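Visitor:
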Amino acid sequence: MKATEHMPEIIGLVNRLIQKGLAYPVAGDVYFQVEKYQAYGRLSKRKLEDLQAGARVEVDERKRHPMDFALWKGSKPGEPSWESPWGPGRPGWHIECSAMSMKHLGETFDIHGGGMDLIFPHHENEIAQSCGATGNEFARYWVHNGFVQINQEKMSKSLGNFFTIREIFEKSKWPEAETGEMLRYFLLGTHYRGPLDFSDQSLLEAKNAVNGFYDLFIRLKESEERTMADKGLMEVIERCRVAFREAMNDDFNTSVAIAELQRLKGDVNKLLGQGLSTEARKIAREEFRSLGNNLGLFQLEKWLFNEILGTGTLEAHAATVRGAGTVVTPGADALKFLGAAPSLLNEEIEGKLVERNEARKQKNFKKADEIRQFLASHGIVIEDKSDGTSRWKR
RNA sequence: GGCGCCGUACCCAAGUGGUUAAGGGAGCAGUCUGCAAAACUGCGAUGCAGCGGUUCGACCCCGCUCGGCGCCUCCA
């Protein structure tokens, strides 16, 4: 959806505000007259008289009040422009949000999100425009998130200390799905209103935490049929459901919601030690999937482990990392994932595993350990199972 | 000058006017294991930036201070 596809709606909205006496045209521009909108400043708790007019930018003398903001800006020669009743020009910053949300969501809608830095002036102005034009409430709830910070500093384009999610994917030595999930886990680990300091360590911690869940999922799939703890499982699941819902209902308290998932993980691991039926293990996995779905977690089935054998995903990805070279932005240190060693082909890993198990059978533990060591140097961890076979993971 | 967010253990991070201040990671010590990994068990803040105040009682309420971050008619 693009703002440029909504020019008729935008122009219509500006017209409506002029007709209501809330806006006035000046030499090809159209300004919203803040003094005519008595609730101005309600969202950001600002009073017109408290604002420092001209503190950063010189006041435009043509405006009736220094705080009046542009709904439409006449274009200078050579600039991209659209035709309007006030001459060629382009929409002011805030108007397209109002026009587009009105068209697609209605005059009043439930939730409007955005960074804290947008509270003023952007969201304040959106409200003024929208409510001014319709007389109705604009957004019922405002959800403002804290900043992502790098080394205690706001991440922003102008500071140059930013990088994109795509770059995180590219720098990571892990498959995209995994990287995405750990990023999501990291983001969800703190309350949305608080600041969030981005670092390679935080991401690594998130990765390990997510891995812990998938370790459990693998166990759920492999354990033998025993039914001792089935009943306990249902109790533990029910407790988690209630607590999880409660946390989310409390202003999206995702850190608590995640803590509940962790608690369930521990509970299920314990019950698994006692013995769960195939059916119960399936229920447990489904429960994680279902709860996790609220947060975009645990949706991957064959992720990470050798079940994805043959897809080539990991190898292709490692090539991307190797070719990427060094990062140029100041965020480089944050993106420098520790020891991004080149990966092995899945087939090679499988081969080494067979070789090692052969050695183990012959009690040639020296050789077995060498192979473990070799794979470890490539970031591959081997886990021996009780039935004599092994699994691996990165 | 105005408005706002944040400061909790080694790290990340919830939370409450008064029961043991969630959870995770790391660490240490065990169980298990050929060795590992995973899993499980145990240990870890007498204290929640500092100082005052309110209160029978504050980490949580109020005030001040210190420290970090952000916004305040341009551009998005």
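Quick note: the first sequence uses my numbering, first residue 2, plus one each step.
Glycine is no exception: its CB is placed at the ideal position from the N, C-alpha and C atoms.
Fair warning: this is a prediction, and the values are worked out from it, not measured in the lab.
Just to check my reading of the structure: residue 134 and residue 21 have Cβ atoms closer than 8 Å, yes? What is that Cβ distance to the nearest angstrom?
Guide: 7 Å
Visitor: By the three-class DSSP mapping on this structure, what secondary structure does residue 384 have?
Guide: Reduced to three states, the DSSP call for residue 384 is strand.
Visitor: Answer yes or no: do residue 116 and residue 146 have a C-beta to C-beta separation smaller than 8 Å?
Guide: yes
Visitor: When the Cα atoms are used, what is the spatial distance from residue 44 to residue 144?
Guide: Near 12 Å, if we compare the C-alpha coordinates of residue 144 and residue 44.
Visitor: Return the Cβ separation of residue 1 and residue 229 in integer angstroms, given the expectation that the two are a contact with Cβ distance under 8 Å.
Guide: This structure cannot settle anything about residue 1, because the visible part of the chain is limited to 2 through 395.
Visitor: Rounded to whole angstroms, how far is the Cβ of residue 128 from the Cβ of residue 139, which I believe are closer than 8 Å?
Guide: 5 Å
Visitor: Could you spell out where the alpha helix (DSSP H) holding residue 105 opens and where it closes?
Guide: 96-106
Visitor: Please report the distance separating the alpha-carbon of residue 82 from that of residue 286.
Guide: 55 Å
Visitor: Taking the continuous beta strand (DSSP E) assigned at residue 394, which residues delimit it?
Guide: 391-394
Visitor: For residue 150, report the span of its beta strand (DSSP E) as first-last.
Guide: 149-151
Visitor: Cα-Cα, which of 77, 277, 252 and 238 is closest to residue 261?
Guide: 238
Visitor: Can you list, in chain order, the residues of its chain whose CB lies under 8 Å from that of residue 278, leaving out five sequence neighbours each side?
Guide: Within its own chain, the residues whose Cβ lies closer than 8 Å to the Cβ of residue 278, once the five positions on either side in sequence are excluded, are 226, 227, 228 and 231, listed in chain order.
Visitor: Just the Cα atoms here: how many angstroms apart are residue 198 and residue 189?
Guide: 12 Å
Visitor: Which partner residues does residue 197 have in the DSSP bridge list?
Guide: 149
Visitor: Would you kindly report the start and end of the unbroken beta strand (DSSP E) that includes residue 364?
Guide: No beta strand (DSSP E) contains residue 364, which DSSP labels as neither H nor E.
Visitor: Any idea what DSSP makes of residue 192, helix, strand or coil?
Guide: coil
Visitor: Which residues in the same chain as residue 38 place their Cβ atom closer than 7 Å to its Cβ, once the five residues preceding and following it in sequence are excluded?
Guide: Around residue 38: 23, 129 and 133.
Visitor: When DSSP labels each residue in this structure, what does residue 121 get in the three-state scheme?
Guide: helix
Visitor: What are the start and end residues of the alpha helix (DSSP H) that includes residue 231?
Guide: 231-250
Visitor: Within the same chain, show all residues whose beta-carbon is closer than 7 Å to that of residue 308, passing over the 5 residues directly before and after it, in chain order.
Guide: Below a pLDDT of 50, predicted positions are generally treated as unreliable, and residue 308, at 40, falls in that range; the measurement from the model is reported next regardless. Within the same chain, residue 308 has no close Cβ partners at all.
Visitor: Around the Cβ of residue 34, are there at least 16 other Cβ atoms within 10 angstroms (buried) or fewer (exposed)?
Guide: buried
Visitor: Please list, in chain order, all residues of the same chain as residue 120 whose beta carbon is under 7 Å from its beta carbon, the five residues on each side excluded.
Guide: 44, 45 and 145
Visitor: Tell me the rounded alpha-carbon separation between residue 374 and residue 250.
Guide: 47 Å
Visitor: Exposed or buried, what is residue 6 when buried is set at 16 or more other beta-carbons lying within 10 Å of its beta-carbon?
Guide: exposed
Visitor: How would you call residue 142, buried or exposed, if buried means at least 16 neighbouring beta carbons within 10 angstroms?
Guide: With fewer than 16 Cβ atoms within 10 Å of its Cβ, residue 142 is classed as exposed.
Visitor: Quick test of your reading: residue 298 and residue 186, contact by CB under 8 Å. State the CB separation rounded to the nearest angstrom.
Guide: 6 Å
Visitor: Run through the DSSP bridge pairs and tell me what residue 113 is partnered with.
Guide: 143
Visitor: How big is the Cα-Cα spacing for residue 351 and residue 179?
Guide: 21 Å
Visitor: State yes or no: is the C-beta of residue 99 within less than 8 Å of the C-beta of residue 76?
Guide: No, the Cβ-Cβ distance between residue 99 and residue 76 is not below 8 Å.
Visitor: Could you pull out every residue in the same chain whose Cβ sits closer than 7 Å to the Cβ of residue 356, ignoring the five residues on either side in sequence?
Guide: 372
Visitor: To which residues of the same chain is residue 157 closer than 7 Å at the C-beta, ignoring the five residues directly before and after it?
Guide: 163
Visitor: Work out the CA separation of residue 79 and residue 102 for me, nearest whole Å.
Guide: 30 Å
Visitor: Helix, strand or coil for residue 304? Go by DSSP, reduced to three states.
Guide: Unreliable placement is indicated for residue 304, whose pLDDT of 45 sits below 50; the coordinate value is still reported in the next sentence. Residue state, collapsed to three classes: coil.
Visitor: Among 171, 217 and 40, which one has its Cα closest to the Cα of residue 136?
Guide: 40
Visitor: DSSP three-state label for residue 77, please.
Guide: coil
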